[in-house]
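Okay, structure first, notes after.
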Amino acid sequence: ELPLIVGQMPILPKHYWDGRDFERTTLEPPLGSGAYRIATFEAGQFIEYERVGDYWGRGVPVNVGMNNFARIRYDYFRDANVLVEGFKGGVIDFRAENNSKIWATGYDMPEIERGMLKKETIGHQRPQGMQGYVFNTRRDQFNDPRVRQALAHAFDFEWSNKNLFYGQYTRSRSYFDNSELAATGLPSAAELEILEPHRGRVPDDVFTKAYAPPATDGDGRIRANLKIADDLLKAAGWTIKGKDRVNETTGQTLAFEILLVSPAFERITLPYVKNLERLGVQARVRTIDSAQYIERVRTFDFDMLVTSWGQSLSPGNEQRNFWGSSSAVEPGGRNYAGIRDAVVDDLVEKVISAPDREALVNRVRALDRVLQWGHYVVPHWHIPYDRVIYWNKFSRPETVPMQGAQIGAWWYDETKAQALAKARGKE
1 ELPLIVGQMP ILPKHYWDGR DFERTTLEPP LGSGAYRIAT FEAGQFIEYE
51 RVGDYWGRGV PVNVGMNNFA RIRYDYFRDA NVLVEGFKGG VIDFRAENNS
101 KIWATGYDMP EIERGMLKKE TIGHQRPQGM QGYVFNTRRD QFNDPRVRQA
151 LAHAFDFEWS NKNLFYGQYT RSRSYFDNSE LAATGLPSAA ELEILEPHRG
201 RVPDDVFTKA YAPPATDGDG RIRANLKIAD DLLKAAGWTI KGKDRVNETT
251 GQTLAFEILL VSPAFERITL PYVKNLERLG VQARVRTIDS AQYIERVRTF
301 DFDMLVTSWG QSLSPGNEQR NFWGSSSAVE PGGRNYAGIR DAVVDDLVEK
351 VISAPDREAL VNRVRALDRV LQWGHYVVPH WHIPYDRVIY WNKFSRPETV
401 PMQGAQIGAW WYDETKAQAL AKARGKE
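Numbering (our numbering), first residue to last: 1 to 427.
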């Protein structure tokens, strides 16, 4: 894996950086080594790149068919609504939309029907990793997996997808979703061979069941799931006293804070909080500024937070930082859940030392299963396609690459551009 990682690192010219402070913020465009260089910019407004005519990597096979635009400009907007209006006015040519509401309701334009504007979903095969509500298992109330499993039953993804996301998302169930690395169905013979030495130290379900997060009909009625949650909590020693869920041994109330940095997540989280209330669980939402958030996450000073772990098609050393026991106690580590499990540590090392692709896939799937059944997160969602909208002046390869909507592989189509200009002239 090391050669691949090294190959991803940018090449920085020593003669340029000699005498310059690399850590100092500057608005002086640096000397780079890519296919484009900065032509002009206005801080906070836009940046425009121009193609390097004698780019050294032009003939490298991975670059053939790429970098087809002479100039590329990125404009920045503080407000999403202003951005959409700018797009409608022709200020922007291409937009990859990441907001489900705007995608569903913000582009109701007659130009789509007339073929002037293209609104498309383009599938991709990028691993989606895992986003979710993450339990900090360093906290006493979350050190029992039955409690974590119970609280996951209070999250109604199907209702959220229907009422908040316009049905656009897919429920996440793997830490490597949308790839061959994801554990699906029952373990294969190869996976069982990897997992068998750990029998008795991982949940039996790892060997006998296919993991799936709790599901509902999306109608808002989740009594069946709450009944399962109640049974799990009681089995873990948490009973109802009055309106509160308390530990029958310590008398501790089951309460925690959900830490957010984006106000946009409040509308998603508050329905979850209301469902938790029905279990007697006291959850409160707290949204803080980015500086506070970064520090609290760095020091693991949270009960639950929303975060994600991105993945690649070649997992390796970064898995130690995600799940390793040492990362659970190192400030700044990405083991947000605080996983300290010798089995997970062993599987991570097996992933890193995989001798070939087949072994890597099977070892990652085995790791995935142990993480799934550890109930360290309340899984959120992902989207296996790119949402793009653009003025019909581009063409692209017929074969969609694994990475999906790669604008770098598109090109300006003069014939389409002339037709678009003619159609606009008739408006």
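Think of the CB as a built atom: it goes at the ideal place given N, C-alpha and C, for glycine as much as any other residue. The structure displayed is predicted, hence computed values, not measured ones.
If we count the other Cβ atoms within 10 Å of its Cβ and call it buried at 16 or more, is residue i buried or exposed?
i: Gly324; result: buried
i: Ser179; result: buried
i: Val378; result: buried
i: Tyr412; result: exposed
i: Lys14; result: exposed
i: Pro315; result: buried
i: Ile268; result: buried
i: Pro29; result: exposed
i: Val281; result: buried
i: Ile258; result: buried
i: Asp21; result: exposed
i: Val202; result: buried
i: Met9; result: exposed
i: Arg365; result: buried
i: Pro331; result: exposed
i: Leu420; result: buried
i: Asn63; result: exposed
i: Gly19; result: exposed
What residue from the options has the CA that sits closest to residue i's CA?
i: Ile47; options: Pro61, Tyr76 and Asp140; result: Tyr76
i: Phe94; options: Lys393, Thr399, Gly310 and Val361; result: Lys393
i: Gly32; options: Asp231, Leu12, Glu42 and Ile288; result: Leu12
i: Val306; options: Pro203, Leu313 and Val297; result: Val297
i: Ile352; options: Pro197, Arg320 and Val370; result: Arg320
i: Gly200; options: Gly86, Lys241, Ala342 and Thr299; result: Ala342
i: Gly251; options: Asn63, Val206 and Lys241; result: Lys241
i: Tyr175; options: Arg126, Asp301, Glu97 and Arg20; result: Arg126
i: Glu193; options: Leu347, Pro3, Gln372 and Arg20; result: Leu347
i: Tyr376; options: Phe87, Phe142, Val206 and Arg58; result: Phe142
i: Thr105; options: Ser160, Arg73, Phe69 and Gln168; result: Gln168
i: Asp144; options: Asp289, Gln292, Val370 and Leu232; result: Leu232
i: Ala96; options: Asn317, Gly425 and Ile389; result: Ile389
i: Arg357; options: Leu313, Glu318 and Gly332; result: Leu313
i: Asp205; options: Ala421, Pro187 and Pro197; result: Pro187
With C-beta atoms as the reference, is residue i less than 8 Å away from residue j?
i: Leu279; j: Arg334; result: no
i: Asp386; j: Thr121; result: yes
i: Gly218; j: Lys162; result: yes
i: Tyr107; j: Lys118; result: no
i: Leu270; j: Arg286; result: no
i: Ala39; j: Tyr49; result: yes
i: Val431; j: Leu181; result: This structure gives no information on residue 431, because the portion of the chain shown stretches from 1 to 427.
i: Trp410; j: Thr170; result: no
i: Ala212; j: Arg173; result: yes
i: Arg146; j: Ala235; result: yes
i: Pro384; j: Gly123; result: yes
i: Trp309; j: Gly129; result: yes
i: Lys350; j: Arg340; result: no
i: Thr272; j: Ala154; result: As written in the sequence, residue 272 is Tyr, which differs from the Thr given in the question. Cβ atoms of Tyr272 and Ala154: closer than 8 Å.
i: Thr249; j: Asp156; result: no
i: Asp368; j: Ala183; result: yes
i: Phe256; j: Asp303; result: yes
i: Phe165; j: Ser100; result: yes
By the three-class DSSP mapping on this structure, what secondary structure does residue i have?
i: Leu27; result: coil
i: Asp413; result: coil
i: Leu276; result: helix
i: Asp230; result: helix
i: Leu83; result: helix
i: Gln123; result: Looking at the sequence shown, residue 123 is not Gln but Gly. Residue state, collapsed to three classes: strand.
i: Glu257; result: strand
i: Val388; result: strand
i: Lys393; result: coil
i: Thr216; result: coil
i: Ile222; result: coil
i: Ala421; result: helix
i: Gly7; result: helix
i: Asn247; result: strand
i: Phe207; result: helix
i: Arg95; result: strand
i: Gly237; result: coil
i: Leu270; result: helix
i: Arg286; result: strand
i: Ala35; result: coil
i: Ser327; result: helix
i: Tyr133; result: strand
i: Thr399; result: coil
i: Ser314; result: coil
List in chain order: all unbroken alpha helix (DSSP H) runs of 4+ residues lying wholly within the segment 330-382. 342-352 and 357-372
Segments of 3+ residues assigned as beta strand (DSSP E) that fall wholly inside the segment 46-79: 46-51 and 71-75
Note down, one range per segment and in chain order, each alpha helix (DSSP H) of at least 4 residues found wholly within the segment 149-210. 157-163, 189-195 and 205-208
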